[in-house]
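Trainee: Shown below is the structure under consideration.
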Amino acid sequence: MSESIADVRIPDSALAREATELVRETASPLLFDHSRRVFLWGSLRGYDHGLRFDPELLYVGAMFHDLGLTERFGRTDQRFELDGADEARRFLHARAVTGEEADRVWTAIALHTTPEIPLHMAAEIALVTRGVELDVLGIGYDAVTDEQRAAVVAAHPRPDFKNRILAAFTEGVKDRPETTFGNVKADVLAHCVPGFVRGDFVEVIRNSDWPE
């Protein structure tokens, strides 16, 4: 029988179970619990907005969204969001989920730290972002009930989450600081890595090879 948390049914397909095990094996308990909460918050926000979404695709998007912060899947030559997105697409292709469905999951993960734009896209893309925003930033905190919040946190606790997730972000991107140009992770490094200097969009324009 499938698990249910806050009246949200956790997908129990072979694909979902394999996704769960992969993330459990490769990510820290911090990131595993966070990813599960992202699915639950995203689902609850989807119900609230009356959206039709594929729970299995949303689950893979939520579970894989931070794999770029792990030792196994993290690279140093691209944004960490792309690491998770690429692995999710490989995972889905290997299980005969291809085409637009796999691309939808890729996009959900790739854009999950890009404010506003994902909310105007397919439901699964929007809801990964909704889940991340609620869990990390508290956006939509009051859109779920106290009972729903308590049930989710009881199943997937978040002790000292604010400090621990910032540490995970720092560890995951400190060796690729150039990939934080123009995105929210530059704020993390500015606070947490001594000597970090963020890129400046205006200076890039002014110092480009164009004469004027």
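Taking the UniProt record's numbering, the leading residue of the sequence shown gets 1, the next gets one more, and so forth.
Every residue gets a Cβ at the ideal spot worked out from N, C-alpha and C, and that includes glycine.
#1: Using a Cβ-Cβ cut-off of 8 Å (strictly less than) and excluding sequence neighbours within five positions of E171, which residues of its own chain qualify?
#2: Mind checking whether G131 and F201 have CB atoms under 8 Å apart?
#3: Looking only at its own chain, which residues have a Cβ that is under 7 Å from the Cβ of F196, when we skip the five neighbours before and after it?
#4: According to the neighbour-count rule (16 or more other Cβ atoms, all chains shown, within 10 Å of its Cβ), is residue 223 buried or exposed?
#5: Report buried or exposed for T76, applying the criterion of at least 16 other Cβ atoms within 10 angstroms of its Cβ.
#6: If I measure Cβ to Cβ from R164 and keep anything under 7 Å in the same chain, skipping five residues before and after, which residues do I get?
#7: E81 and A126 - do their beta-carbons sit closer together than 8 Å?
#8: On a CA-only basis, which of A108, E101, R79 and A96 is nearest F64? Give me that one, please.
#9: Around the C-beta of F4, are 16 or more other C-beta atoms found within 10 angstroms, so that it is buried, or is it exposed?
#10: In three-state terms, what does DSSP make of V197?
#11: Straight-line CA distance for V152 to I117?
Mentor: According to the data block:
#1: Stepping through the sequence shown from its first residue, residue 171 is reached at position 171. The answer, listed in chain order, is L69.
#2: The residue given as residue 131 occupies position 131 in the sequence shown. The residue given as residue 201 occupies position 201 in the sequence shown. Not closer than 8 Å, so no.
#3: Against the sequence shown, residue 196 aligns to sequence position 196. The answer, listed in chain order, is P177, L189 and A190.
#4: Residue 223 cannot be examined here, being either before or after the span of the chain that is shown, 1 to 212.
#5: In the sequence shown, residue 76 corresponds to position 76, counting from 1. The residue is exposed, with fewer than 16 neighbouring Cβ atoms inside 10 Å.
#6: Here the question's residue 164 lines up with position 164 in the sequence shown. Counting only Cβ-Cβ distances below 7 Å, and skipping sequence neighbours, we find L30.
#7: Locating residue 126 in the sequence shown gives position 126, where the first residue counts as 1. Locating residue 81 in the sequence shown gives position 81, where the first residue counts as 1. Not in contact: A126 and E81 (Cβ atoms no closer than 8 Å).
#8: Counting from 1 along the sequence shown, the entry for residue 64 is found at position 64. Looking at the Cα atoms, A108 is the closest of the given residues.
#9: As a first step, residue 4 must be located in the sequence shown, where it is residue number 4. Before going further, note that residue 4 is Ser rather than Phe in the sequence given. Exposed, by the Cβ-count rule.
#10: Sequence index remark: in the sequence shown, residue 197 carries index 197 (1-based). Reduced to three states, the DSSP call for V197 is coil.
#11: Residue mapping note: residue 152 aligns to position 152 of the sequence shown, counting from 1. Residue mapping note: residue 117 aligns to position 117 of the sequence shown, counting from 1. Whole-angstrom Cα-Cα distance: 27 Å.
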